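Quick notes on the structure that follows.
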Amino acid sequence: MKKIQMVDLKGQYEEIKEQVDASMQEIIENTSFINGPEVHQFQKELEEYLEVKHVIPCANGTDALQIAMMGLGLKPGDEVITVDFTFAATVEVIALLNLTPVLVDVESHTYNIDPKEIERAITPKTKAIVPVHLFGQTANMDEIMRIAKENNLFVIEDNAQAIGANYRSSDKSIKKAGTIGDVGTTSFFPSKNLGCYGDGGAIFTNDDALAHTIRGIVNHGMYERYHHDVVGVNSRLDSLQAAVLRAKLPRLDIYNEARKEAAFKYTTAFEKNKNIITPEVVSDCDTHVFHQYTLRIMNGKRDALVKHLQENNVPCGIYYPIPLHAQKAYADAERYDEADFKVTNQLVKEVIALPMHTELDEDQIRYIAKMINNFVGKD
Ligand SMILES: *Cc1c(COP(=O)(O)O)cnc(C)c1O
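Here it is as structure tokens:
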């Protein structure tokens, strides 16, 4: 059996090596490192894939979130509602812009933001909602968009983990995750579903005026050369990264399919185990692209299991071990009550993410599942 890895970027590279090597060589030869044609072409190709009017590439997924919030004109003191159970980048940029992060709990079956909790958290100062499509599954965008409309709020989708996922609205239309709210953001960090060989990110929107504003912000607030109309940042996707992404984008659906197949095999293997809760997929329209495959271990053995797997050379991860409201940087005793985070407080003790990537084979999955079932016990 091949050595089991949490992510396997090498196997993917072997398949696209010729194309990646050739375009990288070409970029180096013609020295078009920044704003080269590869970046522009990738932007067009991603717009087509996502069926969105504007893609604005940028330096990473954290910048993408920050720039989206700057583009929407959010001002210090504005409250932005997001989830307690996500990677810190989401809340970090809210705090950096001197906006007020308002963390809310997630749904226990999807681990995504709970629309009821959003409604509870709205105040006259609320300006935006940031749903995170966690682990690859789109949040309940029908409800989120309804709440946003009723309360006149912006929606910024943090789509760093769900690129390529679909969402079927109650009107039956299917849209790509990240293109439903006012603006969506993603990360091309190497281990993401669409990853480059360094840092990268992008912002998507169907709003022409917002796209224009954002294009200036990523480039020092310039709309005309050396005229700085707004305070901007320097956030660019470089040409070498765009070349990698251009090789991978046409394969994204195949990559996501491989992840879903691996997830299905895992789920089948754990189905009869009462002590394990497998990820729930809420719709049949490719709504979950399994950035992570996350189990809940229900009999208190999660930490022991992590140790057991590590000792047996099976990598695993805990995403996320500490709720954001309990992090020193984001704690707010006046605002938060532990009772507001029942689900997150529980999840952080139960979740474990298993190896998930496009190169997992059947033997590896069977081996991992058997080890887990044996260790956790079935009753
Ligand atoms: C990875 C990630 C980000 C940040 O992306 P970077 O490219 O690493 O800056 C933001 N939000 C979520 C949910 C992520 O998983």
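Just remember that our numbering sits 86 ahead of the position in the sequence shown, which is counted from 1.
The beta-carbon is built from N, C-alpha and C at its ideal position, and this holds for glycine as well.
Computed from a predicted model, the values in this text were never measured in an experiment.
DSSP three-state assignment for V93, whether helix, strand or coil:
Residue numbering aside, residue 93 sits at position 7 when the sequence shown is read from its first letter. Of the three classes helix, strand and coil, the one that applies to V93 here is coil, per DSSP.
Going by DSSP, which residues form a beta bridge with N320?
Along the sequence shown, read from residue 1 onward, the residue named residue 320 stands at position 234. Answer is N305.
Considering only residues of the region 228 to 316, which uninterrupted alpha helix (DSSP H) runs meet the minimum length of 4 residues and lie entirely inside it, listed in chain order?
294 to 303
Let me know if V434 comes out buried or exposed under the rule of 16 or more other beta-carbons within 10 Å of its beta-carbon.
Stepping through the sequence shown from its first residue, residue 434 is reached at position 348. V434 should be labelled buried.
Per DSSP, which one or two residues make a beta bridge with G463?
On the sequence shown, residue 463 is found 377 positions in, with the first residue counted as 1. For G463, which the question treats as bridged, DSSP gives no partner whatsoever.
Going by other Cβ atoms of all chains shown within 10 Å of its Cβ, with 16 needed for buried, is A415 buried or exposed?
Your numbering for residue 415 matches position 329 in the sequence shown. Label assigned to A415: exposed.
Sequence ranges, alpha helix (DSSP H) only - wholly within the region 140 to 181, length at least 4
147 to 157
Would you grab the beta carbon distance between A333 and Q129 for me? Rounded to a whole angstrom, and I think it's under 8 Å.
For the purposes of this step, residue 333 is taken as the residue at position 247 of the sequence shown. For the purposes of this step, residue 129 is taken as the residue at position 43 of the sequence shown. Wrong, their Cβ atoms sit about 15 Å apart, outside the cutoff.
Assigned secondary structure, A328 (DSSP; H/G/I helix, E/B strand, else coil)
Within the sequence shown, residue 328 is the residue found at index 242, counting from 1. Residue state, collapsed to three classes: helix.
Report buried or exposed for P187, applying the criterion of at least 16 other Cβ atoms within 10 angstroms of its Cβ.
What you label residue 187 is simply residue 101 of the sequence shown in a count that begins at 1. The residue in question, P187, is buried, as its Cβ has 16 or more Cβ neighbours within 10 Å.
Nearest to K213 (by Cα), restricted to the options H219, Q247, M156 and Y253:
Your numbering for residue 213 matches position 127 in the sequence shown. Checking every option, the nearest Cα to that of K213 belongs to M156.
Do the region 217 to 237 and the region 246 to 264 meet, that is, are 3 or more Cβ pairs less than 8 Å apart?
yes
Would you list the residues whose beta-carbon is nearer than 6 Å to any heavy atom of ligand 1, in the order they occur in the chain?
N146, G147, T148, T172, F173, A175, T176, V218, D244, A246, Q247, S273, F275, D285 and G287
Would you kindly report the start and end of the unbroken alpha helix (DSSP H) that includes Y341?
Here residue 341 refers to the residue found at position 255 when the sequence shown is read from its first residue. Here the alpha helix (DSSP H) through Y341 covers L338 to F356.
Going by DSSP in three states, H374 sits in which element: helix, strand or coil?
Reading the sequence shown from its first residue, position 288 is the one you call residue 374. Reduced to three states, the DSSP call for H374 is strand.
Verify whether the separation of the beta carbon atoms of L270 and F290 is less than 8 Å.
Translated into positions along the sequence shown, residue 270 becomes position 184. Translated into positions along the sequence shown, residue 290 becomes position 204. The sequence given here has Gly at residue 270, not Leu. Cβ atoms of G270 and F290: closer than 8 Å.
Go to Y135, then tell me how far its alpha helix (DSSP H) extends in each direction, as first and last residue.
Taking the first residue of the sequence shown as position 1, residue 135 is located at position 49. Residues P123 to L136.
What distance in whole Å lies between the Cβ atoms of L381 and L440, which are believed to be in contact at a cut-off of 8 Å?
Residue mapping note: residue 440 aligns to position 354 of the sequence shown, counting from 1. Residue mapping note: residue 381 aligns to position 295 of the sequence shown, counting from 1. Yes, L440 and L381 are in contact; Cβ-Cβ is about 7 Å, under 8 Å.
Report yes if the CB atom of A174 is closer than 8 Å to the CB atom of L151, and no otherwise.
Here residue 174 is taken as the residue at index 88 of the sequence shown, counted from 1. Here residue 151 is taken as the residue at index 65 of the sequence shown, counted from 1. No, Cβ-Cβ distance for A174 and L151 is not below 8 Å.
Using only the alpha-carbon positions, how far apart do G281 and N184 sit?
Taking the first residue of the sequence shown as position 1, residue 281 is located at position 195. Taking the first residue of the sequence shown as position 1, residue 184 is located at position 98. When rounded, the distance between both Cα atoms is 30 Å.
I need the DSSP call for A412, collapsed to helix, strand or coil.
What you label residue 412 is simply residue 326 of the sequence shown in a count that begins at 1. Of the three classes helix, strand and coil, the one that applies to A412 here is helix, per DSSP.
Can you find at least 3 beta carbon pairs, one from the region 320 to 328 and one from the region 157 to 167, that sit closer than 8 Å?
no
DSSP state of V392, grouped into three classes?
Counting from one through the sequence shown, the residue named residue 392 turns up at place 306. Note: V392 maps to helix in three-state DSSP.
How should T354 be labelled, buried or exposed, when 16 other C-beta atoms within 10 angstroms of its C-beta is the threshold for buried?
Taking the sequence shown and counting its residues from 1, the one referred to as residue 354 is at position 268. Classification of T354: exposed, given that the 10 Å Cβ count is below 16.
According to DSSP, what are the bridge partners of G403?
Taking the sequence shown and counting its residues from 1, the one referred to as residue 403 is at position 317. Answer is A439.
Rounding to the nearest angstrom, what Cα-Cα distance links T265 and E134 in this structure?
Translated into positions along the sequence shown, residue 265 becomes position 179. Translated into positions along the sequence shown, residue 134 becomes position 48. For T265 and E134, the distance between alpha carbons rounds to 12 Å.
Considering only the beta carbon of each residue, do Y422 and L189 sit closer than 8 Å?
Looking up residue 422 in the sequence shown gives position 336. Looking up residue 189 in the sequence shown gives position 103. Result yes, Cβ atoms of Y422 and L189 sit closer than 8 Å.
Under 8 Å between the Cβ atoms of I451 and K351?
Against the sequence shown, residue 451 aligns to sequence position 365. Against the sequence shown, residue 351 aligns to sequence position 265. Contact: yes.
Could you say which of V177, K202 and S273 lies nearest to C144 if we only look at CA atoms?
Here residue 144 is taken as the residue at index 58 of the sequence shown, counted from 1. The shortest Cα separation from C144 among V177, K202 and S273 belongs to S273.
Which partner residues of V218 appear in the DSSP bridge assignment?
Taking the sequence shown and counting its residues from 1, the one referred to as residue 218 is at position 132. Note: V218 sits in a beta bridge opposite D244.
Per DSSP, cross-strand counterpart(s) of E189
Reading the sequence shown from its first residue, position 103 is the one you call residue 189. The sequence given here has Leu at residue 189, not Glu. Partner(s): T168.
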